[in-house]
Amino acid sequence: MATKKIYIIVMNTPSVVSGIIGKFTHTPYNHVSVSLDAELDRMYSFGRRYRYFPWWGGFVRESPNFGTLGRFPDTEAIVLTLDVDEAAYDEISDQLENMLAHKHDYCYDTLGLLLAIFGKVYKRDKFYYCSAFVRELLVKHGVEDGASFNEIVRPTDFLELPNTREIFRGKLKEFPVAARNI
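Its first residue numbered 898, the sequence shown is counted upward by one per residue in my numbering.
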């Protein structure tokens, strides 16, 4: 069966919010996105909707070249690739496009994130923080088994997935150049 690649991007932006999250989680990477294109021009996650205002968030399309990530050119990232069958790839693509078309129906789960920091699980429909979203996307479409994750998932947990392969580590803005050599 033919396979396609999806990309999981684990990041640390040098933002105040990322710094605060890092103080509580004690992890070097505090954001995760998923992309279906090798250039990472279209990355999807849950994060801030407005470049300079971190408190209103939801489902967002991200890129190293604009928005919050464009504002932080020193964002450190690890890019993982994961082979998926065509059916799962198409389902993920359809879900991402549907969510993008209805992005204002989805909210950033600030309460869920705060409770997760303290080891408590709290889930509401259409509310996500970045790692909970990527986890659900992979599990829902059979790319990863739910047992691959803890009940509360952090961005760094994606670095431990058995079927991924690291293809880049460094400044996110340098990835497109590095991708040509992969």
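Glycine included, each C-beta is placed from N, C-alpha and C at the ideal position.
Three-way DSSP call (helix, strand, coil) for residue i in this model
| i | result |
| --- | --- |
| Ile1079 | For Ile1079, the predicted model reports a pLDDT of 49, less than 50, meaning its position is unreliable; a value from the coordinates is still stated below. Correct three-state label for Ile1079: coil. |
| Glu973 | strand |
| Glu1071 | helix |
Cβ neighbour criterion (16 or more within 10 Å) applied to residue i
| i | result |
| --- | --- |
| Phe963 | exposed |
| Ala985 | buried |
| Thr910 | buried |
Near the ligand ZN: residue i beta-carbon under 7 Å from a heavy atom
| i | result |
| --- | --- |
| Phe1065 | Looking at this structure, you won't find the ligand ZN or any other ligand, since it has none at all. |
Through-space distance from residue j to residue i, alpha-carbon basis
| i | j | result |
| --- | --- | --- |
| Gly1067 | Ala899 | 30 Å |
| Pro925 | Asp1022 | 29 Å |
| Glu988 | Gly1016 | 31 Å |
| Asp934 | Met940 | 8 Å |
Range covered by the alpha helix (DSSP H) that runs through residue i
| i | result |
| --- | --- |
| Glu983 | 983 to 998 |
| Ile1014 | 1007 to 1014 |
| Thr965 | 964 to 968 |
Span of the beta strand (DSSP E) around residue i
| i | result |
| --- | --- |
| Glu1033 | Looking at the DSSP string, Glu1033 is not in any beta strand (DSSP E); the run it does join, the alpha helix (DSSP H), is 1027 to 1037. |
| Lys909 | Contrary to the premise, residue 909 reads as Asn rather than Lys in this sequence. It spans 900 to 909 - the beta strand (DSSP E) in which Asn909 sits, taken as one unbroken run. |
| Glu1063 | 1061 to 1068 |
| Ser930 | 928 to 932 |
Same chain only: Cβ atoms within 6 Å of residue i, ignoring 5 sequence neighbours per side
| i | result |
| --- | --- |
| Thr978 | Lys902, Tyr904, Arg1062, Ile1064 |
| Pro1073 | Glu936 |
Residues near residue i in its chain [Cβ-Cβ closer than 7 Å; skip 5 each side]
| i | result |
| --- | --- |
| Tyr888 | The question about residue 888 has no answer here: the residues shown for the chain are numbered 898 through 1079. |
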